[in-house]
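Q: I have a structure here, written as structure tokens, and I will follow up with some questions on it.
Number of protein chains: 2
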Amino acid sequence: MIELSGISKVYGIDRLVHALRRIDLKVGAGEYVALMGPSGSGKSTLMNIIGCLDRPTAGTYLLEGGTVSTMDDDQLAQVRNRMAGFVFQTFNLLARQTAERNVELPLIYRGVPGPERQRLAMEVLERVGLTEWAMHQPNQLSGGQQQRVAIARALVGRPRFLLADEPTGNLDSRSGQEVMVLFEELNREGMAVMLVTHDERIAHHAGRIIKLLDGRVVSDELNPAP
Amino acid sequence: MIELSGISKVYGIDRLVHALRRIDLKVGAGEYVALMGPSGSGKSTLMNIIGCLDRPTAGTYLLEGGTVSTMDDDQLAQVRNRMAGFVFQTFNLLARQTAERNVELPLIYRGVPGPERQRLAMEVLERVGLTEWAMHQPNQLSGGQQQRVAIARALVGRPRFLLADEPTGNLDSRSGQEVMVLFEELNREGMAVMLVTHDERIAHHAGRIIKLLDGRVVSDELNPAP
Ligand SMILES: Nc1ncnc2c1ncn2[C@@H]1O[C@H](COP(=O)(O)OP(=O)(O)OP(=O)(O)O)[C@@H](O)[C@H]1O
Ligand SMILES: Nc1ncnc2c1ncn2[C@@H]1O[C@H](COP(=O)(O)OP(=O)(O)OP(=O)(O)O)[C@@H](O)[C@H]1O
Ligand SMILES: [Mg+2]
Ligand SMILES: [Mg+2]
């Protein structure tokens, strides 16, 4: 499904920041992978590149056999919208739109008609326990509720691949557990999941745990007891 | 130091949301308190009221003997800037400003001259391990680095009271521990600390643990082994 080889990302002009250093990584369809590492080690940068939200400085990226690094912006957006659902570390919800409209957004890009969009959005908001809050705007929701809206938006288009950056960082342990149960159900139905977490207990739900340090993969182990 | 009695907060016009329901709470100078509770239980709402960032719908709030509920907006801002440092759940950094300028902000409000502001800002950025990143803007920092900038900004004015809403939510366990050590040092020097967390391990640093559920205080216990 995805194959990265020699992927690097360097920021800056005079002072260079090597966020990723020659990363080689393969993730198969339907896999469940956790990504861990200290603050600033390159986790979000790697997720942004895998999710086609950012381009690497060097290296090649094959997604479903196609070479991502040679696609133009439009092709990249097409692939991203069809393949991946993204939960950002800082939510990135549209401030003036209701929770329900925020969740509809990926379906608007795909041209899904209004009534069906609304039905699908309400269905996934129900799964994250937010039916009652569907008509609230982000500033009328708590931090944890906003995070669950961001999760619902990532799932509404039934992506082949979920990329979630600290999806439970703002959730209490019960809401966190409910989200992990939902991810496991979707993973069993065939969706690949890649999540960033600082929490060992969350990482242990995954089948494989990859650790980054200073932009390099320092360990990549199967988890015997997910 | 702070004394809340019968504090309620209700949002909305047609559909009413009771975020806080008649809360009575006293916190003394130099105390270290953790606030826990499920997502949506009213933690951030309570912190915003204690930090004079929002007004209650009902009830009285005494801060250092003065009645907060009768102060006008200017008096409220004066008290807030002098007394409290605030770490928001969603950081609220100024996007186009460097980390160092973001940290200087509370000192600009107090009229501290430029060179001294810069010295104090760099000093506190050093304490959170971000000296190298001082000239980066928020979108050139990782999630955990942004959170540490927000913590540095809250501390730069040496407030009598630190209000921190999930201060380690985006930090790996090592950076999180470093932040907790810093809070403990400042608490020993006399600063009152109130922090919201979902993590039992973080809450156990505090001397007292308060639990909210549906806008009510359901438990308020001393922690025997901080
Ligand atoms: N402006 C608003 N209008 C309507 N409801 C609001 C508004 N702001 C907050 N709420 C509601 O008030 C309740 C309490 O929110 P609060 O942000 O205090 O929760 P919290 O305990 O901090 O949760 P979390 O752990 O998810 O951050 C929530 O149900 C939220 O939806
Ligand atoms: N636009 C940018 N310009 C310069 N440096 C950047 C930029 N974006 C990110 N960085 C740097 O790249 C490094 C990797 O950042 P990244 O966001 O991937 O870290 P992370 O592992 O997700 O950390 P966290 O756990 O704190 O979220 C960091 O040191 C960060 O400061
Ligand atoms: Mg990150
Ligand atoms: Mg909150």
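Chains as they are written, first to last, in my numbering: chain F, 1 to 226; chain H, 1001 to 1226. Note that CB positions come from ideal geometry on N, CA and C, so glycine has one too.
#1: Using only Cβ atoms and a threshold of 5 Å, which residues come within that distance of a heavy atom of ligand 1? Order them by chain position.
#2: What does the alpha-carbon distance come out to for the pair H/His1204 and F/Leu63?
#3: In three-state DSSP terms, what is F/Ala134?
#4: Buried or exposed: where does F/Pro224 fall if 16 or more other Cβ atoms within 10 Å of its Cβ makes it buried?
#5: What three-state label does DSSP hand H/Ser1005 in the structure shown?
#6: Below 8 Å, how does it come out for the segment 1044 to 1054 of chain H and the segment 1072 to 1089 of chain H: are there three or more Cβ pairs, yes or no?
#7: Using a Cβ cut-off of 8 Å (strictly closer), state whether F/Leu222 contacts chain H.
#8: With 16 as the cutoff for other CB atoms within 10 Å, does H/Met1135 come out buried or exposed?
#9: Please confirm whether H/Thr1197 and H/Ala1034 have their CB atoms less than 8 Å apart.
#10: Inspect the beta-carbon positions of H/Val1217 and H/Tyr1032 and report whether they are closer than 8 Å.
#11: Identify whether F/Gly30 lies in helix, strand or coil by the three-state DSSP scheme.
#12: Can you name, in chain order, every residue of its own chain whose Cβ lies under 7 Å from the Cβ of H/Arg1096, other than the five neighbours on each side?
#13: Who are H/Lys1211's beta bridge partners in DSSP?
#14: Have a look at H/Val1181 and F/Gly42 and give me their C-alpha separation to the nearest angstrom.
#15: Which residue comes first and which comes last in the alpha helix (DSSP H) that contains H/Leu1195?
#16: Can you give the beta carbon distance from H/Val1149 to H/Leu1094, rounded, assuming they're within the 8 Å contact cut?
#17: Can you find a heavy atom of ligand 3 that lies under 7 Å from the Cβ of F/Gln89?
#18: Residues in its own chain within less than 6 Å of H/Arg1061 by CB, not counting five upstream and five downstream?
#19: Throw me the rounded Cβ distance for the H/Thr1131 and F/Thr90 pair, which I believe falls under 8 Å.
#20: Using a Cβ cut-off of 7 Å, which residues of the segment 1154 to 1180 of chain H contact any Cβ in chain F, in chain order?
#21: Return no unless some Cβ of chain H is closer than 8 Å to the Cβ of F/Tyr131.
#22: Alpha carbons only, please: which of H/Gly1006, H/Gly1012, H/Gly1030 is nearest the one belonging to H/Arg1021?
#23: For a test of the three-state rule: what should DSSP assign to H/Ile1050, helix, strand or coil?
#24: With a threshold of 8 Å between beta carbons, is F/His198 in contact with chain H?
#25: Let me check understanding here. Comparing Cα to Cα, which of H/Gly1040, H/Ala1121, H/Asp1074, H/Asp1054 lies closest to H/Ala1154?
#26: Helix or strand or just coil, what does DSSP make of F/Asp74?
#27: Between the alpha carbons of F/Ile202 and H/Gly1143, how many angstroms are there, rounded?
#28: How far does the alpha helix (DSSP H) with F/Ala150 in it extend, from its first residue to its last?
#29: Going by the beta-carbon positions, is the gap between F/Glu166 and H/Asn1170 smaller than 8 Å?
#30: May I have the straight-line CA-CA distance separating H/Gly1111 from H/Asp1072, to the nearest angstrom?
#31: In this structure, what does DSSP give as the bridge partners for H/Val1079?
#32: Counting C-beta neighbours from all protein chains within 10 Å, is the total for F/Ile13 16 or more, i.e. buried, or is it exposed?
#33: Please classify H/Glu1104: is it buried, with 16 or more other beta-carbons within 10 angstroms of its beta-carbon, or exposed?
#34: May I ask you to report which of helix, strand or coil DSSP gives F/Ala58?
#35: Residues of the segment 1099 to 1116 of chain H in Cβ contact with chain F at a cutoff of 7 Å, in chain order, please.
#36: Leaving out the 5 sequence neighbours to the left and right, which residues in its chain are closer than 7 Å to F/Gly37 when beta-carbon positions are compared?
A: Put simply:
#1: F/Gln140, F/Leu141, F/Ser142, F/Gly143, F/Gly144, H/Tyr1011, H/Val1017, H/Ala1019, H/Ser1039, H/Gly1040, H/Ser1041, H/Gly1042, H/Lys1043, H/Ser1044, H/Thr1045
#2: 45 Å
#3: coil
#4: exposed
#5: strand
#6: yes
#7: no
#8: exposed
#9: yes
#10: no
#11: coil
#12: Gln1137
#13: H/Met1036, H/Ser1219
#14: 25 Å
#15: Careful: H/Leu1195 lies outside any alpha helix (DSSP H), inside the beta strand (DSSP E) at 1192 to 1196.
#16: Wrong, their Cβ atoms sit about 10 Å apart, outside the cutoff.
#17: yes
#18: According to the sequence as given, residue 1061 of chain H is Tyr; it is not Arg. Excluding positions up to five away in sequence, the list reads Leu1004, Val1068, Ser1069.
#19: Not a contact, Cβ separation roughly 24 Å.
#20: Glu1166, Gly1169, Asn1170, Leu1171, Asp1172, Ser1173, Arg1174, Ser1175
#21: Just to set this straight, residue 131 of chain F is Thr in the shown sequence, not Tyr. Not closer than 8 Å to any Cβ of chain H, the Cβ of F/Thr131 fails to qualify, so no.
#22: H/Gly1006
#23: helix
#24: yes
#25: H/Ala1121
#26: helix
#27: 18 Å
#28: 143 to 155
#29: yes
#30: 21 Å
#31: Answer is none; H/Val1079 lacks a bridge partner.
#32: exposed
#33: buried
#34: strand
#35: none
#36: Lys43, Lys211, Leu212, Leu213
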